[in-house]
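Asks:
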Amino acid sequence: MQTALGAHTAIAPPTEAKAAAWLDKAETIETVYSENITPDSVLALMLISTPSTIPRSTAHCGAGLEDHAVLMLNKNGKQNYVDSFLLQSCLTSLVLDTEFPYDLKKSIKFEGPARGISFKWLNGPDEKRHLLSVSNQHFLLQTLPDKDDKPTSCTANNKAALRKQLLKSPAPAEAWTLTELLLCGAKTSGNVAYLRAHVAKKITAKVYDTGGEEQVSTVTVDASLLESLLGAGEARDAELTLSDNEIALQYWPNEACINGRTLRYGKGQWRVVATGDACD
């Protein structure tokens, strides 16, 4: 997996209770990747199969199991749950983009630029290939380009270039973690929890219609809005403009729209304070 696993990064607090709940309901558990992030902490990626929340009698449920990628943090001998990503269920399914299409463990790559789980959604809106990876204890997604597509801003090289621009900003590690999630973060509960701590309770939202008219409103942040801020690896042509205590992020989520996010540093923390979206 991508390994920018700094222990300083603030994430949703790992919990022993959630870890125990996952392990108790697991039908199968396989640890496919682990890494020491501090002398007494090990981050592990597990593949866990659990009974489906949909009854087995349901026509579409098959064997009645769900497959999850689960991040666990073992600290001082205690297992703590960090986050999870649903890979397959009765209603969600994927095909692995490797020579082992039916073996998740064998399909995880640890060498080369594509380090993670490469797949296509069987019931998704497109035929794009995706890569699920881990950075700073967060699940990230990257849409892998077809031959004629522009690469996303979530490739290793493009992310390195963006991160370099933030080195002189206040708290550059936190600035990058937040920026990376806005561009590449998978839509998981752990990532939503991280954003909740790094988005103002009310933000300024600007929307530009097809005629170029600007509509400005103040929006109260809720879970749905937080999830919508996670880029899920679709961001292209990302640009950063820095001032003393602000970062203006702009990117294309698709061919028709452009998104803007304003990050502001204050009281020792970076927060998203404004959004701006425009579509043709």
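The opening residue of the sequence shown carries number 1332 in my numbering; numbering runs sequentially from there.
A virtual CB, placed ideally from N, CA and C, is assigned to each residue, including glycine.
1. For T1519, which option in Q1546, S1500, S1559 has the closest C-alpha, if you only look at C-alpha atoms?
2. Need the endpoints of the beta strand (DSSP E) that C1588 sits in, please.
3. Compare the beta carbon distance of L1374 and E1366 with 7 Å and say whether it is the shorter of the two.
4. Apart from the five residues on each side of it in sequence, which residues of its chain come closer than 7 Å, Cβ to Cβ, to P1503?
5. Does DSSP put L1498 in a helix, in a strand, or in coil?
6. Would you mind stating whether L1561 and G1607 have Cβ atoms separated by less than 7 Å?
7. Taking only the alpha-carbon atoms, compute the straight-line gap between Q1410 and Q1546 and give it to the nearest angstrom.
8. Touch check for the region 1474-1483 and the region 1521-1530: three-plus C-beta pairs under 8 Å?
9. With DSSP collapsed to three states, give me the class of V1552.
10. Got a sec? Which residues, its chain only, sit under 7 Å from M1403 by beta carbon, not counting five neighbours each side?
11. Under a three-way DSSP split, which group does S1484 fall into?
12. Counting only the same chain and skipping the five closest in sequence on each side, list residues whose C-beta sits under 6 Å from that of N1407.
13. Can you tell me which of the three DSSP states D1611 falls into?
14. Helix, strand or coil, according to DSSP, for D1568 in the structure here?
15. Where does the unbroken alpha helix (DSSP H) through E1347 begin, and where does it stop?
16. Among the residues of its own chain, which have a CB less than 7 Å from the CB of V1538, if the five just before and after it don't count?
17. What's the call for A1348, buried or exposed, on a 16-neighbour Cβ count within 10 Å?
18. So for L1475, helix, strand or coil by DSSP?
19. Among the candidates T1508, A1492, I1534, G1564, whose CA atom is the shortest distance from the CA of Q1468?
20. Can you pull the DSSP bridge partners for T1508?
21. In the DSSP assignment, find the alpha helix (DSSP H) that holds S1520 and state where it starts and stops.
22. For the putative contact between F1416 and L1493, defined by C-beta atoms under 8 Å, what is the C-beta separation to the nearest angstrom?
23. Please look up how many angstroms separate the CB atoms of T1483 and G1597, rounded, as I've assumed it's under 8 Å.
Replies: Taking the definition as stated:
1. Residue numbering aside, residue 1519 sits at position 188 when the sequence shown is read from its first letter. When only C-alpha atoms are compared, the closest one is S1559.
2. Taking the sequence shown and counting its residues from 1, one reaches residue 1588 at position 257. That run of the beta strand (DSSP E) goes 1588-1597.
3. As a working mapping, residue 1374 is identified with position 43 in the sequence shown. As a working mapping, residue 1366 is identified with position 35 in the sequence shown. Cβ atoms of L1374 and E1366: closer than 7 Å.
4. Position 172 of the sequence shown holds residue 1503. Cβ contact annotation for P1503 (same chain, cutoff 7 Å, sequence separation greater than five): L1497, in chain order.
5. The residue given as residue 1498 occupies position 167 in the sequence shown. Note: L1498 maps to coil in three-state DSSP.
6. As a first step, residue 1561 is located in the sequence shown; it is residue number 230 there, counting from the start. As a first step, residue 1607 is located in the sequence shown; it is residue number 276 there, counting from the start. Contact: no.
7. The residue you call residue 1410 lines up with position 79 of the sequence shown. The residue you call residue 1546 lines up with position 215 of the sequence shown. When the Cα atoms are used, Q1410 and Q1546 turn out to be separated by approximately 48 Å.
8. No, the region 1474-1483 is not in contact with the region 1521-1530.
9. One-based indexing of the sequence shown puts residue 1552 at position 221. Note: V1552 maps to coil in three-state DSSP.
10. Counting from one through the sequence shown, the residue named residue 1403 turns up at place 72. Contacts found: A1350, A1375, M1377, Q1410, N1411, Y1412, V1413.
11. As a first step, residue 1484 must be located in the sequence shown, where it is residue number 153. It is coil, neither helix nor strand.
12. As a position in the sequence shown, residue 1407 is number 76, starting the count at 1. The answer, listed in chain order, is D1371.
13. Taking the first residue of the sequence shown as position 1, residue 1611 is located at position 280. In this structure, D1611 counts as coil in the three-state DSSP scheme.
14. Here residue 1568 refers to the residue found at position 237 of the sequence shown. Under the three-state reduction of DSSP output, D1568 falls in the strand class.
15. Here residue 1347 is taken as the residue at index 16 of the sequence shown, counted from 1. Its alpha helix (DSSP H) spans residues 1347-1356.
16. The residue labelled residue 1538 in the question sits at position 207 within the sequence shown. Excluding positions up to five away in sequence, the list reads Q1546, D1608.
17. Walking along the sequence shown from the start, residue 1348 turns up at place 17. A1348 should be labelled exposed.
18. As a first step, residue 1475 is located in the sequence shown; it is residue number 144 there, counting from the start. Strand.
19. The residue you call residue 1468 lines up with position 137 of the sequence shown. For the residues T1508, A1492, I1534, G1564, the minimum Cα distance to Q1468 belongs to T1508.
20. What you label residue 1508 is simply residue 177 of the sequence shown in a count that begins at 1. The beta-bridge partner set that DSSP reports for T1508 is empty.
21. Position 189 of the sequence shown, counted from the first residue, corresponds to residue 1520. Secondary structure note for S1520: its alpha helix (DSSP H) is the uninterrupted segment 1520-1527.
22. Along the sequence shown, one-based indexing puts residue 1416 at 85. Along the sequence shown, one-based indexing puts residue 1493 at 162. With 8 Å as the limit, F1416 and L1493 do not qualify as a contact, their Cβ atoms being about 23 Å apart.
23. One-based indexing of the sequence shown puts residue 1483 at position 152. One-based indexing of the sequence shown puts residue 1597 at position 266. With 8 Å as the limit, T1483 and G1597 do not qualify as a contact, their Cβ atoms being about 30 Å apart.
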